[in-house]
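In the working numbering, the protein residues as written are 43 to 548. To start, the structure itself, in structure tokens.
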Amino acid sequence: MTQAEGGACLLDRPTDPCTIVILGASGDLTTRKLLPALYSLHLKGGLPDPFRIVGCSRTPMTDEQFRGRMEAAVGEAGHDMTAWGPFRENLHYRAVVYDSPGSYRDLAAWLREVDSASGTPGNRIFYLALPMFLYGTAARLLGDAGLAAENSGGNGWTRIVVEKPYGSDRRSAAELDSVIHGAFQEKQIFRIDHYLAKETVQNILMLRFANAIFEPLWNRNFIEHVDIIASETLGVEKRAGYYDRAGVLRDMFQNHMLQLLALTAMEPPNRFESDSVHDEKVKVFKSLRPFPVKNLFENIVLGQYGPGTVDGEPVRGYRQEEGVDTASMTPTYAMMQVFIDNWRWQGVPFFITSGKRLGAKLTEIAIRFKEVPVSMFRETLGDHISANVLTMGIQPMEHITLTFQAKSPGAKLCLRTVRMDFDFMQGFSGPALAAYEKALLDCMNGDQMLFWRSDGIDLAWAFMEPIIRECETCKDRQSLLRTYEPGSWGPPAAVQLKDLMLQQCR
Ligand code: BG6
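Written as structure tokens, this is what we have:
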């Protein structure tokens, strides 16, 4: 990242020519996210030269057919298509049978040929845009075909990108890791968490560590509690096959929510560099207080959206969604209290909430400071004075807001809560990057900071797994899962429990 005049951050254009091989090129992720992101990088001058995209999937297709499909997908994403002409020439297609070793050997031979014909050094990214059960097979067979090795046999550098979900529990994640490590070294593995690549998520570290005024207050002495919320208005859409097995705790908590928690709570790393940042996050994961699974009802609220209306339109309940079991016990909402057992955070509750079909699309982190110890205005205004709240808005509103108390103008003594607001895009003129653009760019640049490291994934599962297991197997499972109105803010029990938990902490 570079700082330029006017505060615009220039894009780090990767210097190494490279090829991105997308396994799963006929899937949704490729058409909805990857190709639009790559084309957008092309528009912003953010791709290396030369650069090649090789789509691979089972469906036989010619280069021309693949280009036609991708053009339609990128057009649908609303991009300016005037620069499509030169971009399309970079697109190629190879059919691959995912579990056939010969298929990967053919791919390897073809890549070598193309690289030697065009004089490019064989730098490659293999992007696994595949169903999770194929990650291990694909990584192993890439390795067997000699495609994981670096700087030998026609290869330059080689990287592999793995999408979430990374395993469905601690053991399956460790098994997957061991298969991938059988072919690739840790420095070659990029485990995506698209939340980390959101501008405003990256900004959490800038806000905390590029300003001297926040850190002295960023601890148990001044902060009462922290709220981390990621709410969505959409339901499960067409992903029931995956989601009904995952539920909100695997889908959002084990990854995105724990990353937001780690960025909010971690110590300042010595340098802004991948391993130092990962080391600090890992310390947070290690300090998470084991969840009191035997007292689930006192520490977590789970919900599932029922049928109802949103904006006057009828919407289906989760159990009526296509592909969902009509008796499904999968939670689509959770709110839980988490503690971090270290000097900085001892006794400060972090309330983490996420759910589908809620009242608004909103991701934010709110730091609630303690109230004043004693109110000198108590005789006229009463004892209660609202505490300061620092809100980091991640999406859709990208902002930082601080609330504080000020005098209302006029003769009578009156306080009011006012806000100081910073809009993230204010005064900015450079190219902003969508999450997948940033993730792809960092991968081309070999920067792993915004990806999961192996030990982090393991610790995140180690924390979440007992909670998930208990929620899924406890005898009170039925009453633990509360139905909530679509378009609401989740089960009312969540507000009640949070109030209760806060009272206990005060
Ligand atoms: C994904 C989850 O990782 O994140 C989805 O699998 C969820 O269920 C999505 O909808 C939310 O991402 P965003 O960027 O829209 O907040």
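All C-beta atoms, glycine included, are put in the ideal place defined by N, C-alpha and C. Note that the structure is a prediction, hence the values are computed from the model and not measured.
In the structure shown, I510 falls within a helical segment according to DSSP collapsed to helix, strand and coil.
For A150, the enclosing alpha helix (DSSP H) has its first and last residue at 143-160. Taking all protein chains shown into account, I231 has 16 or more neighbouring C-beta atoms within 10 Å of its C-beta and is therefore buried. Around the beta carbon of S450, a 10 Å sphere encloses fewer than 16 other beta carbons of the protein chains shown; the residue is thus reported as exposed. S194 is classed as exposed because its beta carbon has fewer than 16 other beta carbons within 10 Å across all chains shown. Within the region 288-340, the complete alpha helix (DSSP H) segments at least 4 residues long are 300-307, 316-329, listed from N- to C-terminus. Inter-residue distance for F264 and A252 is about 20 Å (C-alpha atoms, whole angstroms). Rounded to the nearest angstrom, the Cβ distance from A180 to P143 is 11 Å, too far for a contact under 8 Å. If you draw a straight line from the Cα of H298 to the Cα of L492, it is about 12 Å long. Its chain contains M174, A288, R292 as the residues whose beta carbon lies nearer than 7 Å to that of P207, once the 5 sequence neighbours on both sides are disregarded; these appear in chain order. For the ligand BG6, a non-hydrogen atom lies closer than 7 Å to the CB of H298. The C-beta separation of W531 from G348 comes to about 14 Å, leaving the pair out of contact by the 8 Å criterion. The beta-bridge partner set that DSSP reports for R420 is empty. The alpha-carbon separation between Q346 and E363 amounts to approximately 12 Å.
Assignment of beta strand (DSSP E) within the region 364-416, counting only whole runs of 3 or more residues, yields 375-380, 392-397, 404-411 in chain order.
Beta-bridge partners of D463 (DSSP): T443.
When beta bridges are read from the DSSP output, K86 appears opposite no residue. C-alpha of S82 to C-alpha of E479: approximately 7 Å in a straight line. Pairing D489 with S316, the inter-Cα distance amounts to about 7 Å. Annotated three-state conformation of F93 is strand, per DSSP. Put simply, the region 158-173 does not touch the region 119-135. Fewer than three CB pairs are less than 8 Å apart. DSSP places E118 inside the alpha helix (DSSP H), whose first and last residues are 105-118. In the assembly as shown, R109 is a buried residue. Its beta-carbon has 16 or more other beta-carbons within 10 Å. Within the model, the alpha-carbon separation for A504 versus G469 is close to 43 Å. For L457, same chain residues with a beta-carbon under 8 Å away, outside a window of 5 residues either side, are F419, L423, I427, Q447, A448, K449, S450 in chain order. Nearest neighbour of F295 by Cα position, chosen from T515, T61, G66, E507, turns out to be E507.
Residue I271 holds the alpha-carbon nearest to the alpha-carbon of K398 among T101, A215, V63, I271. K540 and P528 have their C-alpha atoms roughly 21 Å apart.
Residue environment: R213 is assigned as exposed (fewer than 16 neighbouring CB atoms within 10 Å of its CB, all protein chains considered).
Taking C-beta separations shorter than 7 Å and ignoring five residues to either side along the sequence, the partners of N384 in its chain run S329, following chain order. M123 is the residue among M123, L183, P311 whose C-alpha sits nearest the C-alpha of K86.
Under the criterion of beta carbons closer than 8 Å, A502 and I382 do not qualify as touching, at roughly 14 Å. Looking only at L482, K323, A429, the smallest Cα-Cα distance to D497 is reached by K323. Inter-residue distance for P356 and T101 is about 38 Å (C-alpha atoms, whole angstroms). Cα atoms of C547 and H134: separation of roughly 59 Å, rounded to the nearest angstrom.
Every alpha helix (DSSP H) stretch that sits fully inside the region 156-208 and reaches 4 residues is listed by chain position as 177-186.
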